[in-house]
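Numbering (this note's numbering), first residue to last: 2 to 255.
All residues carry an ideal CB built from backbone N, CA and C; glycine is no exception.
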Ligand SMILES: [Mg+2]
C-alpha cells in the first residue's frame with residue numbers, strides 16, 4: 002500500500018541551471034523513482050506549466066510520475082490535461098494584474114512563462130526583482146489577492162491560499178507528504194510537508210526562514226534516517242542531490 006506522496010520541484014532541484022539533466026542522471030532518477038513507486042505516489046511539483054514539463058523532462062522519466070502539480074499549486078495535471086483549481090474570478094484578476102505589470106514595462110523581465118492561474122516573470126536576479134514587483138503589486142487593486150514569491154529563475158505571483166503543498170495535498174488522500182525542493186517559492190512545501198528535503202544548492206534564505214519559523218534543517222548523510230517535521234539537506238547539488246534523497250527514502254521505506 003502506498004503510504005507516501007512525494008512532490009519534486011524542477012528548477013534548481015531535478016533540473017540544473019541550464020534546465021537540463023545529464024543522461025546518466027535521467028537513468029538514475031528513473032531507477033530510484035521506480036523503486037519508490039511501491040510505497041509512494043510520485044508528483045512533479047513546479048511553478049511551471051504542462052508545456053514546460055513536456056519540453057524539459059524526457060518522456061521515459063515522465064512515465065514514472067503519477068501526475069504534476071503545476072503553477073505553484075494552482076493547476077493539477079494527469080500528465081495529459083491541465084485543470085485549474087482557482088476560481089474564474091481569480092483567473093480574471095490574474096490576467097488584469099498581468100496587463101498592469103506589462104504596461105509598466107519592467108526591463109528586468111526577460112520573458113514570461115505561459116500561465117493559466119499565476120504570473121511568472123523570468124529574470125536574472127529574482128530575489129531583488131521580487132521586492133520591486135511586490136511593491137508594485139501593493140499599489141494595485143489586487144494587492145490583497147496575490148502573494149509575490151520567487152524561485153532560482155523567476156518571480157512568481159500566486160493567488161493567496163495556493164502553494165505547492167496545497168496542490169500536493171489534493172492528491173494525498175491522507176498519505177504522508179514529502180517535499181523535495183530548493184527555493185523560496187517552495188517554502189510552504191518544505192515548511193509544512195511531513196518530510197522535507199533539499200539539495201546542497203538550497204537557497205540560504207529559505208534555510209534561514211525555515212529555521213526562524215521553527216522548522217529545523219540538518220545536513221544529512223546517506224546513512225541517516227529521514228526525520229519527520231524537519232528538512233534534510235544532502236551533499237549533492239540539483240539532480241544529483243535528488244537522486245541521493247530518493248536513495249535515502251528507498252532505504253528507509255524498505
Ligand atoms: Mg526550484
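Check: With respect to the beta strand (DSSP E) encompassing residue 199, which residues constitute its N-terminal and C-terminal limits?
Finding: 196-199
Notebook entry, point to check: Residues bridged to residue 46 by DSSP?
Noted result: 70
Notebook entry, point to check: So residue 45 packs on residue 9, CB below 8 angstroms; how close in whole Å?
Noted result: 6 angstroms
Next item on the list: For residue 226, collect the residues of the same chain with a Cβ closer than 7 angstroms to its Cβ; drop the 5 residues on either side in sequence, then sort them by chain order.
Entry: 253
Note to self: Give me, in chain order, the residues of the same chain whose beta-carbon lies closer than 8 angstroms to that of residue 84; leave out the 5 immediate sequence neighbours on both sides.
What the structure shows: 76, 77, 78
Notebook entry, point to check: Taking Cβ positions, are residue 200 and residue 214 nearer each other than 7 angstroms?
Noted result: no
Item checked: Segments of 3+ residues assigned as beta strand (DSSP E) that fall wholly inside the segment 170-246 -> 177-181, 196-199, 218-220, 232-234
Checklist line | Delimiting residues of the beta strand (DSSP E) encompassing residue 150 | finding: 147-151
Check: Based on Cα-Cα distance, which residue from 2, 7, 13, 5 lies nearest to residue 153?
Finding: 13
Checklist line | Heavy atom of ligand 1 within 6 angstroms of residue 150 beta-carbon | finding: no
Check: In terms of residue numbering, what span does the alpha helix (DSSP H) encompassing residue 127 cover?
Finding: 127-139
Item checked: As assigned by DSSP and simplified to three states, the class of residue 26 -> helix
Checklist line | Proximity test, residue 13 beta-carbon vs ligand 1 heavy atom, cut-off 6 angstroms | finding: yes
Item checked: Range covered by the beta strand (DSSP E) that runs through residue 62 -> Segment 60-63 is the alpha helix (DSSP H) holding residue 62; no beta strand (DSSP E) there.
Check: What whole-angstrom Cβ distance do residue 207 and residue 185 have, given they're in contact under 8 angstroms?
Finding: 6 angstroms
Checklist line | residue 83, DSSP secondary structure in three states | finding: strand
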